[in-house]
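Chains as they are written, first to last, in the working numbering: chain A, 44 to 365; chain B, 44 to 365; chain C, 44 to 365; chain D, 44 to 365; chain E, 44 to 365; chain F, 44 to 365. Encoded as structure tokens, the structure appears first; notes follow it.
6 protein chains.
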Amino acid sequence: MSDPFFQPVSGMDLPRFAGVPTFMRLPHVAPDHARFGEVQIGLIGVPWDSGTTNRPGPRHGPRQLRDLSTMIRAQNGATGVRPFEAVNCADLGDVGPNPADIQDSMARITAFYDQVIAAGILPLTGGGDHLSSLPILRAVAKSGPVGMVHFDSHTDLFHSYFDGTMYTHGTPFRRAVEEGLLDPKRVVQIGIRGTAYDTEDRDFAKAEGIRIIPIEEYFARGPEDVMAEAREIVGTAPTYVSYDIDFVDPTFAPGTGTPEVGGPNSFEALQVARLLDGVNIVGADLVEVSPPFDQSGGTAFLGVSIMFEMLCVMAKAHAAAG
Amino acid sequence: MSDPFFQPVSGMDLPRFAGVPTFMRLPHVAPDHARFGEVQIGLIGVPWDSGTTNRPGPRHGPRQLRDLSTMIRAQNGATGVRPFEAVNCADLGDVGPNPADIQDSMARITAFYDQVIAAGILPLTGGGDHLSSLPILRAVAKSGPVGMVHFDSHTDLFHSYFDGTMYTHGTPFRRAVEEGLLDPKRVVQIGIRGTAYDTEDRDFAKAEGIRIIPIEEYFARGPEDVMAEAREIVGTAPTYVSYDIDFVDPTFAPGTGTPEVGGPNSFEALQVARLLDGVNIVGADLVEVSPPFDQSGGTAFLGVSIMFEMLCVMAKAHAAAG
Amino acid sequence: MSDPFFQPVSGMDLPRFAGVPTFMRLPHVAPDHARFGEVQIGLIGVPWDSGTTNRPGPRHGPRQLRDLSTMIRAQNGATGVRPFEAVNCADLGDVGPNPADIQDSMARITAFYDQVIAAGILPLTGGGDHLSSLPILRAVAKSGPVGMVHFDSHTDLFHSYFDGTMYTHGTPFRRAVEEGLLDPKRVVQIGIRGTAYDTEDRDFAKAEGIRIIPIEEYFARGPEDVMAEAREIVGTAPTYVSYDIDFVDPTFAPGTGTPEVGGPNSFEALQVARLLDGVNIVGADLVEVSPPFDQSGGTAFLGVSIMFEMLCVMAKAHAAAG
Amino acid sequence: MSDPFFQPVSGMDLPRFAGVPTFMRLPHVAPDHARFGEVQIGLIGVPWDSGTTNRPGPRHGPRQLRDLSTMIRAQNGATGVRPFEAVNCADLGDVGPNPADIQDSMARITAFYDQVIAAGILPLTGGGDHLSSLPILRAVAKSGPVGMVHFDSHTDLFHSYFDGTMYTHGTPFRRAVEEGLLDPKRVVQIGIRGTAYDTEDRDFAKAEGIRIIPIEEYFARGPEDVMAEAREIVGTAPTYVSYDIDFVDPTFAPGTGTPEVGGPNSFEALQVARLLDGVNIVGADLVEVSPPFDQSGGTAFLGVSIMFEMLCVMAKAHAAAG
Amino acid sequence: MSDPFFQPVSGMDLPRFAGVPTFMRLPHVAPDHARFGEVQIGLIGVPWDSGTTNRPGPRHGPRQLRDLSTMIRAQNGATGVRPFEAVNCADLGDVGPNPADIQDSMARITAFYDQVIAAGILPLTGGGDHLSSLPILRAVAKSGPVGMVHFDSHTDLFHSYFDGTMYTHGTPFRRAVEEGLLDPKRVVQIGIRGTAYDTEDRDFAKAEGIRIIPIEEYFARGPEDVMAEAREIVGTAPTYVSYDIDFVDPTFAPGTGTPEVGGPNSFEALQVARLLDGVNIVGADLVEVSPPFDQSGGTAFLGVSIMFEMLCVMAKAHAAAG
Amino acid sequence: MSDPFFQPVSGMDLPRFAGVPTFMRLPHVAPDHARFGEVQIGLIGVPWDSGTTNRPGPRHGPRQLRDLSTMIRAQNGATGVRPFEAVNCADLGDVGPNPADIQDSMARITAFYDQVIAAGILPLTGGGDHLSSLPILRAVAKSGPVGMVHFDSHTDLFHSYFDGTMYTHGTPFRRAVEEGLLDPKRVVQIGIRGTAYDTEDRDFAKAEGIRIIPIEEYFARGPEDVMAEAREIVGTAPTYVSYDIDFVDPTFAPGTGTPEVGGPNSFEALQVARLLDGVNIVGADLVEVSPPFDQSGGTAFLGVSIMFEMLCVMAKAHAAAG
């Protein structure tokens, strides 16, 4: 453990604004790198937004997330976890998408994650729009359906858009259930809100046993209670975590394509990730950060702060298991 | 009810970024349109800010509110109300102001609303600065003084500015009380805060029986309790609702001309509007959205989200009464 | 001629910031409108950018172009042409694309333009990315190949991207030549510049007889001389005009996805359009305006100013022919 | 001359970002200041835009002009003039307008300038919208009509707006001619362009003998030739200079309310002011800088750079005369 | 008391956007001004950020704080205090730093504050980065160590950066303790959070007896309870207040160089300052406002609102003592 | 030559927005990399701005330059040069500065460049403020004074600032001449303009034989003639090229700290670099790009486009020499 090669550069040595920006200033270890096999948690960018039906931009997410991630230091201020000492972390680079072909892009993404999973690396993804989660789940859940803790203002459970278009950022988890990648009984969706087309998505959730916790319930019960239920729903079996930045109130995270007014603040945005402690995470993503709608980078900074919280939970569990 | 002509375009059919933007993607039904007489709730823009003594901009409000309103879907996520099926809604267009003549502009506005009221249409306005409410009230309260629920950080009850200027966005409700348009005993002002010139406005409120709930009291009691009192104050008689976007904390609503630090967040911004349920609303406005101070459109999106909440309350009551 | 119905609203009557924004404040005449058949020049939005391989955004172009077009008055300051009195102009609305399906979107666009062409309306389009021109040409050139004056910094003549993807905003005119929509001998491309992948596109142009005028030649000869040659190349036969906003220097038009440094300024941007006078224009487009990269709207304002110049040329010719 | 009291603070002593920002870091000498009588050229702010019929904002101009003016050093780089050593310059402060009353504001402005003129001070104004020039001229031309060199993209010679509104930023010079403040035979307007309502303004100019040099002529002849004619037109009699920042191309000066595409660049923006050398300037203004439309301050920096060029011409003449 | 000379200009007389902007529209009374000796509380700008190891910008803070401070009125809306009537307040101007020499700048700052302290003026500073507090404390604590209430997300207690650099914005209070300017037993740091390098700073705090209240404890206990403890820690002996704007959540205060996600909102930002009531304040600062990272000015407006709250506490105590 | 390792990633394979951003998508070859010795031209970032006396920001330059450099393709559109095939190019990473210690930073920079020069690599730098050129020259000119072509609006030849501060971004070339790093007879400065403190810098230039070409002369003669003289001045002996982005007009390059109005446009910005063809370049830099003042990245894109032009000249010469 604590191999110097896998340590991030400290802002005490090299100012944060300096250097080629990798995720959290970790070494860049592409799949063809000599030390790829030693990575335990891999940070991956999926710069892709072709599933977006509204305002595009998340294809630019990974670059800005990397840029802002140079503000992250080595230790979790709240829990004291030092993830980079606990496990070997690295930036595995970006998956190269085909912005003009959705099926080709999904094939490319799944192929990349197949390599990652095959190497025994836990993937932590910076998206990309929410359709990205589907090709990732095809690799992560190859050996059987997984549970999911899903933070979002939308269910992303719709059947289709525009008279029969099946693959958009509003349909990934409908497809994932249909494809047997998710066990709907072990799926919980937290923070759902905003105006609705109709109840087609919620009817599907109900029929399949997916638990939806709308924002009104979330605020009434508080994050601790809600997350206790979430941990109970997914139990100790393998679980994926999918965190759409639009779970957070758009004032705290304006850089996203389909904002919904009236969500949690930034403190809670971190807190719910921290409360994943104990979940058996086999992969996680943070999606829908759209830099063109937040040039200040505040959304990306919040996004990487959330990624760091998830990383700490994953690293702690991995180190304990190891 | 539920006439197809009066249904908004769905984002499932036409992407939200497409199409000429009307309020909430409703049909544009100007007063000379054949179906004007069938409208039950009319959304109206008042692009006017000549009463602004500080930073101008609300004249650009209606256009940006319309633009962002294409993000609103057909169903209220929290209450399940589907207003466009309950009553006939339409975009009645903008009142044309004279930006270089305050009295002429007020006459134009009142004349437009006279038509609307005469047609039995409930007006829901997107402003415009707060002086807009005065010429609207001259039409709405033509047959007698109305009550008012007023969300704001300022009382807008001042006597005059700059040595005797009587018509500014800081004086509309002083004038409305003087003109007998408002029944001060049935007026409640919620969220008042910020540094003050003096107590001239509050002294007037006290003398007239207007109830002021300052922000400290609001936070101490919470929105549910405060709104229960507000509903009691206005009772079941005709009531106008005037919602200044600067009621909300300027971080959530930066696009406004006279922000005051330390207000409610966006969840509560919607919640208080939802808690108007039961009030006999004869007209409502959302004013002081100033696009030049929020190019991201976040303020306008919050603004139309609030308008949608008010619309749902109005539609539900109208349908129930109908 | 000069039917009051087809006249734009004047800023002397209704301030420019007021009213539901249609193109140049013209009436909104969708294909199902009673007076659709009387339109002579139709302004159409194509809010679509799925062919974009780099930075997306032009799907938001039509809305911002309409917004800024309210700054356009009735008379050309340089030529004195008053197009709205010369011919019946109208805003025909947007073509509804499918943002998650390229082929479906192209079919929708061609179908819309088939209606327009069938009605004898000259289409003037506000895009959209440059792939939009292909489905438009499929309608415009249905009866035989047309010539083209093409303002751009790129040739858009590539064979394919990403290992065989044939439909992107870098390939429309390669496809159009292959499909027999363009007569390459009557195509001229003006302003080509920037770093290059290789010479594959230019080799194709050379082989087919397409005339490329690179920016160095453009500056050396000046706009008048260059446009004289352009007019000679296309002659009097039917000609399409395709104007990519990235023809203009990115300082004057920052709101675009693939800028190239060192182009013409805004005066010349208008001048070259004005110098189309005499060309037999059967359709024109202004594409690649990307609002997320220019929140000030300056690019869109330049874009609609160029559209107005093209409109004046088209209207003058139409009136003369009529 | 060269009284230390009237010298600006040097950026070599106090960094430019430091200090309370006055115009060009000159002393603040309000009319009640002991040394007011010694001022020879007074820089004055008119933070007022109530005459604006389109996008407001110039009321914020003086503050941003002052802010950016701290970038101005003591010597003209092109001509070598050191104005602050040649004459006593000072910042006289702002005229306090009444943003909700046009007539009252004009009276306040004229009263302020009456004091300035009475003290023998040459006024150099930072506006404010263009209506500001009218009340200034009422003071400056009290003893008889003056000539005017007018840089602008609009003539500002309209009769009225909105059915009879006489005082807007589109009418000041029509009023000034009618009131005998300007001698139309000695007025030249340079840079006129953009789409036009009609020819009502130009017909008036023609009838009165005002010389209009449209942008096409300006570019064809070049600034030197055009300015030679301008100097000849105004001759050696007292002349006012009115410089609307929208004379400059909106890419170079985006911070303005009514931009017109296709104007001069920034080098020429300075050059034409420099070529006023020899004109008998009795007052000058730089108007229509609108900070809300250019948060970067580039427009204001160009604006104060133009003011500095005008100041150098005025100071050189004053010193020579003195 | 209540000398007219020391009263701020009212927005009812001169609109807030008008006039040369001093802090809160107070008179500008530099140390060489005739009435300097009568000032009781002095507002001072320290436009300096050479101690910044990350993103610079606070050197621009004082100018933007002054600009936004024109929005502050004369009376505290929550407490009713009217500070400008209670004591003589003035803007003492900026300390001129040397941006290219840290030691020289610190000497200049201390020299300026020595004058202020010698004149018996309580200094209220608008920074500047946090290193500014060190040279200020050298003047304020000249006669003995003071206590400190410190609002921040960082401890600023590090030993050094970059292999031995002792003076940065991360080290001022380590130096201040070492130099005997602060009594560590009477120092409380509130709001500490974010990722950490290591625990070197916290170990120092522990060893010296500095009380750190991390953000989790702050939220668990609430501002009233936390501030009660803070008042107890500092007691009635002389106390300095240092308020780093990054104490506040970066969504509410984006304009700062080293933001940390998950802090207090704007209401609490004011509330904690108000709860200083009773502390024996001998000086206060508001630092790290960085305008380049918040062009809207929202951060500066919050900053001056906090300064006004601190001013009210200081003025009330001063008046009571006087 | 044309080693695949040293080829940049093509946008035809991996979209430009994807991947960890190195300069021009070249391999990242730090000095400890196995293939460092094979590099022929090294692109280096110097993220440092401690010499800035006005508005800071260039410390963020290298990161944004790298980001935008992913828009650069493999071939020069104007000259046809393919530099990456001609010589081995690589991104050598950033020099780590000490933002709080100027002397330490200069020592670090010189030490880094000593390594580069020792390895026979031609350095092409992205700054950083202009003081960066001094420590670079200390390495580049180790074996004797070099000539210099210097594009700038300022001479940067001042003796000192703030009473004796010798190292700022206004003094590097005064120091370089004094230290014998530059041969003043072989130095030419092009584009000098803007207001001036005095003539101290120009007097020094005159005395030493440095040739200054002010902007008025530049525009009068044109870039070709000016550059012919420049090439003659530096001759065939070793020459450094220093390109301050503020040479370009601030409208084209707003992202800089000390802009001066009225400079060359973007076409000429590239053209003058292209006209360096034939100069014996031993190192080059592009400095003063300040991202906080141009969030759109347009300035950085222009900056890397200029760097690419210089790279092509350097690569062509190197290949010819090799």
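Where is the CB? At the ideal position from N, CA and C, for every residue including glycine.
Would the beta-carbon of residue i fall within 8 Å of that of residue j?
{"i": "His202/A", "j": "Phe60/F", "result": "no"}
{"i": "Leu167/A", "j": "Leu345/A", "result": "no"}
{"i": "Gly169/B", "j": "Pro99/B", "result": "no"}
{"i": "Ala248/E", "j": "Thr198/E", "result": "yes"}
{"i": "Thr282/F", "j": "Gly163/F", "result": "no"}
{"i": "Tyr156/B", "j": "Ala117/E", "result": "no"}
DSSP has residue i in a bridge; who is on the other side?
{"i": "Arg254/B", "result": "Val231/B"}
{"i": "Ser285/C", "result": "His193/C, Asp328/C"}
{"i": "His71/E", "result": "Asp134/E"}
{"i": "Val89/C", "result": "Gly170/C"}
{"i": "Leu165/B", "result": "Ile84/B"}
Comparing alpha-carbon positions, which option in the options lies nearest residue i?
{"i": "Asp46/C", "options": "Arg78/C, Asn141/C, Gln158/C, Ala154/C", "result": "Arg78/C"}
{"i": "Ala273/B", "options": "Arg264/B, Gln232/B, Thr301/B, Thr294/B", "result": "Gln232/B"}
{"i": "Gly278/A", "options": "Val230/A, Pro297/A, Glu303/A", "result": "Val230/A"}
{"i": "Val284/D", "options": "Met350/D, Val332/D, Gly237/D", "result": "Met350/D"}
{"i": "Val347/D", "options": "Gly88/D, Ala154/D, Phe49/D", "result": "Gly88/D"}
Within the 8 Å Cβ cut-off, does residue i reach chain B?
{"i": "Ile145/D", "result": "yes"}
{"i": "Phe336/A", "result": "yes"}
{"i": "Gly237/A", "result": "yes"}
{"i": "Arg98/A", "result": "yes"}
Compare the C-beta of residue i with all C-beta atoms of chain F and state if any pair is closer than 8 Å.
{"i": "Arg264/D", "result": "no"}
{"i": "Val304/C", "result": "yes"}
Determine whether the Cβ of residue i lies closer than 8 Å to any Cβ atom of chain E.
{"i": "Leu224/D", "result": "no"}
Any C-beta of chain D sitting closer than 8 Å to the C-beta of residue i?
{"i": "Ser176/B", "result": "no"}
{"i": "Pro293/C", "result": "no"}
Could you tell me whether the Cβ of residue i comes closer than 8 Å to any Cβ of chain C?
{"i": "Ser333/F", "result": "no"}
May I ask you to list, following chain order, the residues of the region 110-129 of chain B that have a beta carbon less than 7 Å from some beta carbon of chain A? Ile115, Arg116, Ala117, Gln118, Asn119, Gly120, Ala121
Which residues, in chain order, does the region 306-322 of chain C contribute to contact with chain D at a C-beta distance below 9 Å? Asn308, Ser309, Phe310, Glu311, Ala312, Leu313, Gln314
Mind checking the region 49-80 of chain A against chain F and listing, in chain order, the residues whose C-beta falls within less than 8 Å of any C-beta there? Asp56, Leu57, Pro58, Phe60, Ala61, Gly62, Val63, Pro64, Thr65, His71
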